[in-house]
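S.K.: My questions all concern the structure below.
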Amino acid sequence: MFDVWKSRRTDIEKIADEVSRRVFLILAFPRSLYENIPNSLIESDYVVGYHFMIALNSYIELSKEKTDVEAQGLVLAQALSAAFGIDGVEVSERLLPMIQNPSLEFERGAGDANNAYDMILENNSDAFLEFNNNTRHLYR
Numbered sequence: 169m170f171d172v173w174k175s176r177r178t179d180i181e182k183i184a185d186e187v188s189r190r191v192f193l194i195l196a197f198p199r200s201l202y203e204n205i206p207n208s209l210i211e212s213d214y215v216v217g218y219h220f221m222i223a224l225n226s227y228i229e230l231s232k233e234k235t236d237v238e239a240q241g242l243v244l245a246q247a248l249s250a251a252f253g254i255d256g257v258e259v260s261e262r263l264l265p266m267i268q269n270p271s272l273e274f275e276r277g278a279g280d281a282n283n284a285y286d287m288i289l290e291n292n293s294d295a296f297l298e299f300n301n302n303t304r305h306l307y308r
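When the count follows our numbering, it moves up by one through the sequence shown with no breaks and lands on 308 for the last residue.
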């Protein structure tokens with residue numbers, strides 16, 4: 169009888185999985201070329217800003233704008249960890265400083281992500297064109 173309850177996943181777990189899936193797909197092309205995501209992508213403020221903002225917009229959309237700061241942080245950490253193939257400790261050590269003290273490149277990536285997210289919502293197939301053009305040099 170209680171097994172049914174155990175198999176139910178919380179809403180936040182479902183949101184975390186969907187946000188992670190969305191963010192993971194952004195790097196599908198470079199991921200197909202290499203076994204792992206090149207460090208040049210993970211170390212790029214532009215790339216981190218872009219992924220962070222796509223994850224944040226996805227979280228806000230999926231949570232129906234009911235923001236819980238702790239849940240939001242966990243979802244974003246899980247999504248960035250999945251996207252870049254690094255563990256939670258590395259997310260904290262490598263990416264958190266970029267997020268807490270954003271550079272101009274981080275902000276440019278976040279801005280491009282906001283534009284892309286709007287395009288995604290409009291079913292525009294060119295949503296990731298700007299990102300791909302701005303990052304191609306990082307993995308070739």
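No residue lacks a Cβ here, since even glycine has one placed at the ideal position from N, Cα and C. Since the model is a prediction, treat every value here as computed from it, not as a measurement.
For the alpha helix (DSSP H) holding P265, just list the boundary residues, first then last.
M.R.: Residues 264-268.
S.K.: Tell me which same chain residues have a C-beta within less than 8 Å of the C-beta of I194, skipping the five on either side of it?
M.R.: Y218, H219, I222, A251, F296, F299, listed in sequence order.
S.K.: Counting beta carbon pairs with one atom in the region 233-244 and one in the region 195-209, are three or more of them shorter than 8 Å?
M.R.: No, because fewer than three Cβ pairs between the region 195-209 and the region 233-244 fall closer than 8 Å, the two stretches do not touch.
S.K.: Using C-beta distances below 7 Å, list every residue in its chain close to G279, excluding the 5 sequence neighbours before and after it, in chain order.
M.R.: Excluding residues within five positions, none has a Cβ falling inside 7 Å.
S.K.: M266 and D179 - do their beta-carbons sit closer together than 8 Å?
M.R.: Not closer than 8 Å, so no.
S.K.: Secondary structure at V172, three-state DSSP: helix, strand or coil?
M.R.: Note that V172 scores 46 on pLDDT, short of 50, meaning its location in the model is unreliable and no value can be drawn from it.
S.K.: Do you know offhand how far D294's Cα is from A281's?
M.R.: The straight-line gap from Cα to Cα measures roughly 12 Å.
S.K.: Have a look at S271 and V259 and give me their C-alpha separation to the nearest angstrom.
M.R.: Between S271 and V259, the C-alpha separation is close to 17 Å.
S.K.: Taking the alpha-carbon positions, what's the E261 to S226 distance?
M.R.: Cα to Cα, the separation comes out at about 23 Å.
S.K.: So, helix, strand or coil for D213, using DSSP?
M.R.: It is helical.
S.K.: Considering only the beta carbon of each residue, do T183 and S249 sit closer than 8 Å?
M.R.: Per the sequence presented here, residue 183 reads as Ile, with Thr not at that position. It is not a contact, given that the beta carbons lie outside the stated cut-off.
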